[in-house]
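J.: In the numbering used here, the protein residues as written are 3 to 557.
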Amino acid sequence: MSTAGNTVYSTSPSGENFAIPPKEDYDGEFQRVEKLVDQAREENKEIVVVMGVGFVGAVMAAIIADARDKTGNHSKFVIGCQRPSVRSYWKIPMLNRGQSPVKAEDPEVDELISRCVLTNKTLIATYNSDCLKLADCVVVDVQCDFSKNDLGCMTTGQADMAALEATMRTIGQNIGPDCLVLIETTVAPGTTEFVAWPILKKAFARREIQSVPLLAHSFERVMPGKDYVASIRDFWRVCSGCNPAAKKRVEKFLRQVLNTTDFPLTVMDRPIESETTKIVENSYRATILAFLNEWSLFAERNGVDLIKVIKAIKARPTHSNIIFPGPGIGGYCLPKDGGLGYWAYRHILGFEDGDSFFKITPTAIDINDTRALHVAELVRDALRNMGRYIAAAEVLLCGASYRQDVGDTRYSGSELVVRKLTEMGAEIRVHDPYVEHWYEFEKQDVYPAPGHSWSRFFRNQDELTNLRISKDLSAALKGAEAMILAVPHSPYLDLDPEKVVKWAGNPLAVIDCFGILTDDQIGHYFRLGCEVKALGRGHIQRIKEEVRKGRQGEL
Ligand SMILES: NC(=O)c1ccc[n+]([C@@H]2O[C@H](COP(=O)([O-])OP(=O)(O)OC[C@H]3O[C@@H](n4cnc5c(N)ncnc54)[C@H](O)[C@@H]3O)[C@@H](O)[C@H]2O)c1
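1) Can you find a heavy atom of ligand 1 that lies under 6 Å from the Cβ of Tyr334?
2) Taking all protein chains shown into account, decide if Asn75 is buried (16 or more other Cβ within 10 angstroms of its Cβ) or exposed.
3) Under 8 Å, with one C-beta from each stretch per pair, do the segment 342-359 and the segment 399-412 reach the 3-pair mark?
4) Between Asp147 and Asp132, is the Cβ-Cβ spacing less than 7 Å?
5) Buried or exposed: where does Phe79 fall if 16 or more other Cβ atoms within 10 Å of its Cβ makes it buried?
6) Check whether the segment 97-106 touches the segment 116-129, counting contact only when three or more Cβ pairs, one atom from each stretch, lie closer than 8 Å.
7) Identify, in the order they occur along the chain, each residue of the same chain with its Cβ nearer than 8 Å to the Cβ of Leu291, setting aside the five sequence neighbours on each side.
8) For the candidate residues Val448, Met62, Ser414, whose alpha-carbon lies nearest to that of Asp434?
9) Does DSSP classify Asp357 as helix, strand or coil?
10) Along the beta strand (DSSP E) that carries Glu533, what are the first and last residues, could you check?
11) Starting from Gln160, follow its DSSP beta bridges and name the residues at the other end.
12) Since Glu425 and Arg461 are thought to touch, with beta carbons under 8 Å apart, how far apart are those beta carbons, to the nearest angstrom?
13) Are at least three pairs of beta-carbons, each pair with one atom in the segment 39-59 and one in the segment 135-146, less than 8 Å apart?
14) Under three-state DSSP, which class holds Glu18?
15) Near Asp229, what residues of its chain come up, given a Cβ to Cβ distance below 8 Å and the 5 sequence neighbours on each side ignored?
16) Taking buried to mean at least 16 other C-beta atoms within 10 Å of its own C-beta, is Ile315 buried or exposed?
17) Taking CB distances under 7 Å as the criterion, tell me whether Asn508 reaches chain B.
18) Less than 7 Å between C-beta atoms, sequence neighbours within five positions excluded: which residues of the same chain meet that for Val502?
19) Quick test of the definition: if touching needs 3 or more C-beta pairs under 8 Å, does the segment 204-221 touch the segment 240-260?
20) Bridge partners of Cys241, per DSSP?
21) If you draw a straight line from the alpha carbon of Ala207 to that of Val269, how long is it in whole angstroms?
22) Does the beta-carbon of Ser16 have 16 or more other beta-carbons within 10 angstroms, so that it is buried, or is it exposed?
23) Kindly examine ligand 1 and report whether one of its heavy atoms sits closer than 6 Å to the Cβ of Gln145.
24) Looking at Ser90 and ligand 1, is the gap between the Cβ and the nearest heavy atom below 6 Å?
25) Quick test of the definition: if touching needs 3 or more C-beta pairs under 8 Å, does the segment 184-192 touch the segment 340-348?
26) In or out: Trp92 buried (at least 16 other Cβ within 10 Å) or exposed?
27) What is the DSSP secondary structure of Met53, counted as helix, strand or coil?
28) What are the complete beta strand (DSSP E) segments, minimum 3 residues, inside the segment 44-103?
29) What would DSSP say about Val140, mapped onto helix, strand or coil?
30) Taking 7 Å as the limit between beta carbons, can you name the residues of its chain near Pro493, skipping five residues before and five after?
31) State buried or exposed for Phe265, treating a residue as buried only when at least 16 other CB atoms are found within 10 Å of its CB.
32) Quick check on DSSP: helix, strand or coil for Cys155?
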């Protein structure tokens with residue numbers, strides 16, 4: 003945040019300052035929006051307000067704005083609405099310029115937003131939530147977080163419903179009686195019917211509106227990466243409504259804006275079923291990842307390469323979705339969604355016996371949240387085998403994001419690796435070809451929210467605000483005593499051990515967290531005098547012994 007006189011600024015990630023509008027600007031802003039809406043109505047367009055233009059809302063807004071009716075005309079006029087907060091206001095002026103507030107590896111994101119704003123003129127953004135008065139349909143894409151109070155103990159955490167509840171209140175105060183409200187936010191099961199619907203009903207009662215609010219739920223399955231837009235538009239959806247009228251309306255709306263011909267829509271009886279679908283599918287994914295942690299440790303200690311085991315299992319079509327867990331799970335959804343379900347069972351649905359049967363989902367999340375700590379142990383042990391200590395060692399982490407070839411760092415295992423090694427006294431540098439700023443460190447006092455940084459679980463974290471991402475691998479390696487290959491980004495897959503050792507200037511410890519190294523590369527590192535360790539790859543010890551024997555044979 004910055005201020006000049008009385009003006010408060012919201013700063014975009016690229017450092018551009020946008021003045022937050024004062025209250026006296028609100029009327030003029032509403033008139034601007036109203037004029038554009040009048041024009042759109044004349045063209046028979048439906049007016050859609052998307053609340054929250056973050057990772058999901060900004061792109062969903064553009065997908066809706068790009069939709070065409072059977073005659074080929076654009077059928078919707080979309081208003082992206084965002085709180086004018088210091089943290090988020092900048093998204094509004096950026097969108098109005100036709101620029102995406104979301105940085106994505108998918109080039110279609112920028113093209114789509116620019117086309118809808120500048121060419122089609124079917125997408126605008128505003129900070130004035132009075133725009134809700136003009137809506138035929140409201141899509142809610144604000145966040146609903148799950149905050150954990152302890153590292154590795156999901157059950158002591160709680161859902162943070164404040165943004166969603168505030169949004170529902172604002173919607174209830176403003177929308178017309180026939181407006182459809184569609185919650186896309188991943189919510190704790192029961193939220194749509196037992197939290198959001200009552201808020202809307204109370205607001206309607208206060209406004210003496212007799213009709214029942216039309217409320218529906220349909221969650222997002224968006225995936226960061228090069229198919230970002232398609233993962234929203236061309237993907238299977240699930241939906242439901244609080245009553246038959248809402249169900250009919252949401253089904254019609256989704257069929258108009260998404261590719262439901264190729265990716266059929268599933269309509270559930272009740273929103274709690276749609277909400278539960280999202281929570282169960284992500285808990286399932288979190289569980290199959292966590293399940294392999296124990297076999298990863300088994301493999302490390304018994305000469306087994308889990309990567310080859312998985313490959314062998316995958317050959318069997320019934321088991322083709324088995325996945326190696328890497329140094330933690332990360333992403334916005336898998337670490338939290340099971341927690342929303344566990345929490346809802348007690349705090350929304352009113353049951354006290356959750357702990358008697360919720361065993362697997364909490365354990366899976368706890369395992370995933372702490373798997374990265376083992377990477378720090380491997381770095382320590384590899385250095386020890388080279389006669390060095392972790393304290394004051396120069397360690398390069400390659401890969402800050404949570405999955406390969408994306409720049410998304412949310413809850414990445416790499417963050418925990420950095421924090422644990424820093425606590426142990428290592429000097430950390432980071433390379434990532436896709437990440438510009440690692441805000442989890444640079445802004446750890448306020449990101450992801452004040453008091454929510456993982457820094458609170460570790461000591462000696464203050465200096466990490468100075469951590470910057472290098473894009474030059476050879477420079478980043480100079481003088482490094484250890485290199486952690488944390489994410490299988492394409493540039494890391496065929497790194498030449500000769501070059502790595504040359505750039506580092508000395509043999510170093512190499513830690514493979516994601517089955518990145520081939521057996522040839524591992525052998526090569528050993529021949530160069532390096533030490534290699536890896537998550538789930540116990541056969542490395544065998545390669546080391548073979549290299550040693552080979553050397554003795556040479557003598
Ligand atoms: N990002 C993903 O990869 C992903 C994938 C699947 C599902 N989801 C779900 O989608 C939902 C949204 O996630 P996101 O990643 O877009 O979050 P985000 O934090 O990027 O965006 C949320 C936006 O809502 C805004 N907001 C908050 N309160 C508001 C209010 N009262 N009025 C207007 N705007 C408000 C915030 O300022 C922010 O810009 C979450 O439930 C998430 O679980 C996300």
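Ideal Cβ positions, reconstructed from N, Cα and C, are used throughout, including at glycine.
Please read all numbers here as calculations on a predicted model, not as lab measurements.
T.: In brief:
1) Yes, since a heavy atom of ligand 1 falls inside the 6 Å radius drawn around the Cβ of Tyr334.
2) Flag for Asn75 reads exposed.
3) Cβ pair count under 8 Å is below three, so no.
4) No, these two residues do not count as a Cβ contact at 7 Å.
5) Buried is the call here.
6) Counting Cβ pairs under 8 Å, three or more are found: they touch.
7) Sequence-distant partners of Leu291 (beyond 5 residues in either direction) whose C-beta falls short of 8 Å from its own C-beta, in its chain, are Ile325, Pro327, Ile331, Leu336, Ala366, Asn370.
8) The shortest C-alpha separation from Asp434 is found at Ser414.
9) In the three-state reduction of the DSSP assignment, Asp357 falls in the helix class.
10) That run of the beta strand (DSSP E) goes 533-536.
11) Bridge partners of Gln160 according to DSSP: Ser149.
12) Glu425 to Arg461, Cβ: 5 Å. Contact.
13) Contact between the segment 39-59 and the segment 135-146 is present: 3 or more CB-CB pairs across the two stretches fall below 8 Å.
14) Assigned with DSSP and collapsed to three states, Glu18 falls in coil, not helix or strand.
15) These residues qualify, in order along the chain: Asp108.
16) Ile315 comes out exposed.
17) As a matter of chain content, chain B is missing from the structure shown, which is built from one protein chain.
18) Only Leu479, Met485 meet the Cβ criterion.
19) The segment 204-221, when compared against the segment 240-260, does touch it at the 8 Å Cβ threshold.
20) Val269, per the DSSP bridge assignment.
21) Computed Cα separation, rounded: 29 Å.
22) Around the CB of Ser16, fewer than 16 other CB atoms lie within 10 Å, so the residue is classed as exposed.
23) Yes, since a heavy atom of ligand 1 falls inside the 6 Å radius drawn around the Cβ of Gln145.
24) Flag set: Cβ of Ser90 near ligand 1.
25) Under the Cβ criterion (8 Å, minimum of three pairs), the segment 184-192 counts as touching the segment 340-348.
26) Its Cβ being crowded by 16 or more others within 10 Å, Trp92 is buried.
27) In the three-state DSSP reduction, Met53 falls in the strand class (E or B).
28) The segment 44-103 contains these whole beta strand (DSSP E) runs: 48-53, 78-83.
29) Assignment of Val140 by DSSP, reduced to helix, strand and coil, places it in the strand class.
30) Within the same chain, Pro435 come within 7 Å of Pro493 by CB-CB distance, once the 5 residues on both sides are set aside.
31) Taking every protein chain shown into account, the CB of Phe265 has fewer than 16 other CB atoms within 10 angstroms, so this residue is exposed.
32) Here Cys155 sits in strand by DSSP.
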